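The sequence shown begins at 384 in my numbering and counts up one residue at a time. Everything on this sheet refers to the single structure shown next.
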Amino acid sequence: MKVLAPATIANFGPGFDVFGLCLAKPVDVIVFKESDEVTLEVEGFDVPSDPEKNVASISALALLKMLNVEVGFNMKLKKRIRPKSGLGSSGASAIGGALAVANVLGVRDKNLIIKAALEGEKAASGSAHGDNVVPALFGGFTILKSLHYLEVFKLDVDFELVVVLPEVEVSTRKARSVLPRDIPLGDAVKNLALASALISALKEGDLETVGRLLDDYLVIPYRKPLIPWFDKVRKAALESGAYGVSLSGSGPAMFALGEDLRNIGKSMVEAFESEGIRAEYFITKVGGGAKCSGV
């Protein structure tokens, strides 16, 4: 079984731990074959090759345990999504590992697949948050209502966006640790209004309005010490014609919506470089979710 597991943008502005967007690229590639023992081969970005420590194999083993199935496997992971990038790297590997096992065994229960993938996410970031694994599996734009019993609302949207990836790392575990347990009521109301209006704008296909609604009052203000360059890069994007710009997940990647995406991307890269940080940009579009095929 071969699985293509896509990168994702969690939060998507005001939707902390709820909104997620699947990207068409980059993707992790997982090749899974039944075997007498459990082995893992890794190429690409540096991630653990120990099956007990790698997110993809942890998720695969978790699903086998849930199904009470004893079988070994050889897994080959082509790691193309940079870890600690803010693009759902661990989520992609997690859903890829779980989905590979599910398809080999004929399992179609998405609730079970997500549950297994969350074991991988938990190992990677310390918390079983689903705003990366859910869009990676379902594709499109997803609204995660519940993980206890999987309840997901999906919007089939179609647009391009520019993603800028600087050569710095932000640990998801650390980025979550700086968040307060309580927030001002006024900030919660602002985010609720932004999130509600953003869904309406997405359904209407109004990208310009979507861009204006990408602000956040719940997490980004508290993560500013980890991303001191955020405001400068955001300003550069807006001055280059971006409809809106925000952090991808916990960062450091940022994304923007607009018409001239190449010019916006170049301006954001230049802003990073003015801070002494090398960066690159790429243009992608909304993806359709993880894909499986025979090897």
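Just so you know, even glycine gets a beta-carbon here, dropped at the ideal spot from N, CA and C. What you are looking at is a predicted structure, and each value in this text was computed from that prediction instead of being measured.
Assignment of ASP411 by DSSP, reduced to helix, strand and coil, places it in the strand class.
If the five residues before and after VAL652 are omitted, its C-beta is found closer than 7 Å to the C-beta atoms of VAL547, ALA662, GLU663 and TYR664, all from its own chain and listed in chain order. The DSSP-derived three-state label of ASN574 is helix.
Rounded to the nearest whole angstrom, the CA to CA distance from ALA578 to GLY489 is 37 Å. Look at ILE392 here: in three-state DSSP terms it is strand.
Listed in chain order, the non-local C-beta contacts of GLY670 below 7 Å within the same chain comprise PRO389, CYS405, LEU406, ALA407 and GLY522, local neighbours out to five positions each way being set aside.
Straight across, the Cα-Cα distance linking LEU444 with ALA511 is about 16 Å. Contact between LEU520 and ALA673 holds: their C-beta atoms lie close to 6 Å from each other, under 8 Å. Spanning the alpha carbons of LEU590 and GLU622 requires a straight line of approximately 17 Å. Listed in chain order, the non-local C-beta contacts of ILE464 below 6 Å within the same chain comprise ALA390, PRO409, ASP411, LEU470, SER472 and ALA475, local neighbours out to five positions each way being set aside.
In the DSSP annotation of this structure, the continuous segment of the alpha helix (DSSP H) that includes LYS618 starts and ends at 613-622.
The continuous beta strand (DSSP E) containing SER629 extends over residues 627-630. Here DSSP, grouped into helix, strand and coil, assigns PHE521 to helix. For ALA506, the enclosing alpha helix (DSSP H) has its first and last residue at 493-508.
Here the region 420-435 makes contact with the region 449-457; the two share three or more CB pairs at distances below 8 Å. For SER440, the enclosing alpha helix (DSSP H) covers residues 438-450. When secondary structure is reduced to three states using DSSP, GLY455 falls in the strand class.
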